[in-house]
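Numbering (this note's numbering), first residue to last: 12 to 218. Where is the CB? At the ideal position from N, CA and C, for every residue including glycine. Just so you know, these numbers come straight off a predicted model, no measurement behind them. Have a look at the structure below before the remarks.
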């Protein structure tokens with residue numbers, strides 16, 4: 012009898028936890044859809060704060076916090092919370108998922124917004140350590156460093172040109188690169204664009 016009661020309670024607990032997790036993933040889907048859409052539109056912007064409030068309780072729940080924290084941080088950034096707050100939240104993501112390329116790119120972006128260029132460049136380097144060959148991360152690193160080119164070290168610029176060579180080795184990455192790169196180069200100062208173009212043209216082909 013006692014064993015049956017224990018099993019019944021355990022089963023009820025699992026059922027409750029399962030229903031609770033279903034609630035989280037429903038919320039996760041809503042947030043992802045809003046962030047993927049034009050969240051700054053008149054229809055979506057009012058949703059940001061309520062969704063962020065709902066996500067708050069999930070930030071420390073084992074099993075889903077690695078999903079909840081990045082979305083919580085992105086909702087904050089989208090809704091205009093102070094840059095220092097976003098930076099702190101981006102650091103929280105790294106604490107639970109230090110091998111995520113997205114975590115380091117978000118931290119770099121948050122650091123730059125908070126005028127912490129030193130942290131931004133350090134995070135840029137960590138991105139290349141944890142996600143050295145992922146196409147999306149490589150394209151992000153190229154775009155990011157081009158934007159802070161004058162403050163990058165010689166070592167970071169060398170890494171930039173190495174990754175520029177790597178892009179050509181993967182057809183998918185090369186296609187995406189050709190789509191986004193003109194916009195990136197068009198947004199940087201003329202002298203930076205000239206320096207990058209001249210050095211890129213002189214690079215030997217890999218592969």
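Separation of the CB atoms of residue 66 and residue 86 is rounded to 7 Å, and the pair is thereby assigned contact status at 8 Å.
With contacts defined as CB atoms closer than 7 Å, residue 187 and residue 196 fail to qualify as a contacting pair. Rounded to whole angstroms, residue 73 and residue 191 show a C-alpha spacing of 37 Å. For the pair residue 97 and residue 60, the Cα-to-Cα distance works out to about 14 Å. Here DSSP, grouped into helix, strand and coil, assigns residue 99 to helix.
Membership of residue 172 in the alpha helix (DSSP H) is indicated by the continuous run 165-178. A residue is called buried once 16 or more other Cβ atoms fall within 10 Å of its Cβ, and residue 148 is buried on that count. In the structure shown, residue 71 adopts coil according to DSSP, grouped into three states. Between the alpha carbons of residue 194 and residue 185 lies a distance of about 15 Å. DSSP places residue 198 in the coil class of the three-state scheme, outside both helix and strand.
Restricting attention to 143, 153, 159, the CA atom closest to the CA of residue 130 is found in 159.
Counting only residues of its own chain and dropping the five nearest sequence neighbours on each side, residue 171 has a CB closer than 6 Å to the CB of 156. By the neighbour-count criterion, in which 16 or more other beta carbons inside 10 Å mark a residue as buried, residue 100 falls on the buried side. Cβ-Cβ distances below 8 Å link residue 150 to 178, 184, 187, 188, 191 in the same chain, with the five nearest sequence neighbours on each side left out; the list follows chain order. Counted as a single uninterrupted DSSP element, the alpha helix (DSSP H) harbouring residue 135 occupies residues 128-141.
Taking each of 89, 105, 198, 141 in turn and checking the Cα distance to residue 124, the smallest one comes out for 89. Under the 10 Å beta carbon count, residue 83 is surrounded by 16 or more other beta carbons and is classified as buried. Residue 111 sits in coil when the DSSP states are folded into three classes, being neither helix nor strand.
Contact between residue 80 and residue 104 holds, with the beta-carbon distance rounding to 5 Å and staying under 8 Å. Counted as a single uninterrupted DSSP element, the stretch harbouring residue 55 is not any alpha helix (DSSP H), since DSSP gives it neither H nor E.
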